[in-house]
């Protein structure tokens, strides 16, 4: 997704029939880099995470007015929100417990690389397709997580209809909102400091306008991030940085039938290259055009 969601698509605000909720995942923490399960444990941002938060803040400050900023009460989200608030001229960040990460029970504090062996029962519960399966040790089920996060966004959206609000939350919480809004949607990694935009009309009508956008994160900043956060990242020839979740929108944003050069340089993961080629081929076929001047590296 391009920068246009800041300017073109939002230039006519306010829209009295819906609230625009900009959902941001918090910046990176030490435990993100070390691949530890955080859950409800209160881990603060590292320096990369603060840089990421500043990049989000800079991007959002160039858009229309933000009426309010809400955040999970966990430090990594709250600090991200405070950095955004300072740049965007919002005097106060509202803490909301319901925006917290999923409680992951007795897996919290453990390495992602070890939990399958050291806590097989809890790991099985975490990975279960049964949405009512709770994680041993006080952990939440998918249903419990959804109800908590959904109620928070509905409450915020109803209060700020016709306005723009920023919500800073966590990976699992954002993912569950996406699955609720887009039942048959495309899934993938939600990077730290990625931006998603929902238009909330009422409980039964949500529009997802932007999903997991990382175009505001520079290549320099991305290269600092731990390798697990670089598995599905690419740069476009005009300098934008995208992940696999926003790649389709980037490709679809180019004009047809005459495609300009669109070189994609994939960082780390051949799967993203394959996805790019698949999307381009399918979209070109749909529009009956030849793509002869683009390249995927």
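Residue numbers (the numbering used here): 155 to 451. Ideal Cβ positions, reconstructed from N, Cα and C, are used throughout, including at glycine. Only a predicted model underlies this, so the values are computations on that prediction, with no experimental measurement involved.
Please check the pair residue i and residue j, which I expect to be a contact at CB under 8 Å, by giving their CB distance rounded to whole angstroms.
{"i": "residue 321", "j": "residue 174", "result": "About 11 Å separates the two Cβ atoms, so there is no contact after all."}
{"i": "residue 181", "j": "residue 207", "result": "4 Å"}
{"i": "residue 323", "j": "residue 226", "result": "5 Å"}
{"i": "residue 335", "j": "residue 250", "result": "The Cβ separation is near 19 Å, so there is no contact."}
Compare the beta carbon distance of residue i and residue j with 8 Å and say whether it is the shorter of the two.
{"i": "residue 263", "j": "residue 293", "result": "no"}
{"i": "residue 170", "j": "residue 325", "result": "no"}
{"i": "residue 236", "j": "residue 248", "result": "no"}
{"i": "residue 210", "j": "residue 353", "result": "no"}
{"i": "residue 221", "j": "residue 368", "result": "no"}
{"i": "residue 299", "j": "residue 289", "result": "no"}
{"i": "residue 327", "j": "residue 303", "result": "yes"}
{"i": "residue 362", "j": "residue 314", "result": "no"}
With DSSP collapsed to three states, give me the class of residue i.
{"i": "residue 186", "result": "helix"}
{"i": "residue 297", "result": "helix"}
{"i": "residue 410", "result": "Summary for residue 410: the model assigns pLDDT 36, below 50, so the residue's position carries little reliability, and this model does not support an answer."}
{"i": "residue 172", "result": "coil"}
{"i": "residue 260", "result": "helix"}
{"i": "residue 347", "result": "coil"}
{"i": "residue 249", "result": "strand"}
{"i": "residue 225", "result": "strand"}
Which one of the options has the shortest CA to CA distance from residue i?
{"i": "residue 309", "options": "253, 325, 266, 334", "result": "253"}
{"i": "residue 346", "options": "184, 248, 314, 307", "result": "184"}
{"i": "residue 202", "options": "327, 273, 275, 233", "result": "233"}
{"i": "residue 179", "options": "268, 273, 255, 265", "result": "255"}
{"i": "residue 330", "options": "356, 319, 230, 295", "result": "295"}
{"i": "residue 193", "options": "228, 270, 279, 287", "result": "228"}
{"i": "residue 198", "options": "218, 231, 191", "result": "231"}
{"i": "residue 291", "options": "333, 361, 360, 261", "result": "261"}
Around the Cβ of residue i, are there at least 16 other Cβ atoms within 10 angstroms (buried) or fewer (exposed)?
{"i": "residue 312", "result": "exposed"}
{"i": "residue 189", "result": "exposed"}
{"i": "residue 172", "result": "buried"}
{"i": "residue 205", "result": "buried"}
{"i": "residue 216", "result": "exposed"}
{"i": "residue 276", "result": "buried"}
{"i": "residue 196", "result": "exposed"}
{"i": "residue 186", "result": "buried"}
{"i": "residue 267", "result": "exposed"}
{"i": "residue 213", "result": "buried"}
{"i": "residue 366", "result": "buried"}
{"i": "residue 452", "result": "Here the chain covers residues 155 to 451 and nothing more, so residue 452 does not appear."}
Using a Cβ-based criterion (distance less than 7 Å to any ligand heavy atom), does residue i qualify as near the ligand FAD?
{"i": "residue 209", "result": "The ligand content of the structure shown is nil, which means the ligand FAD is not present either."}
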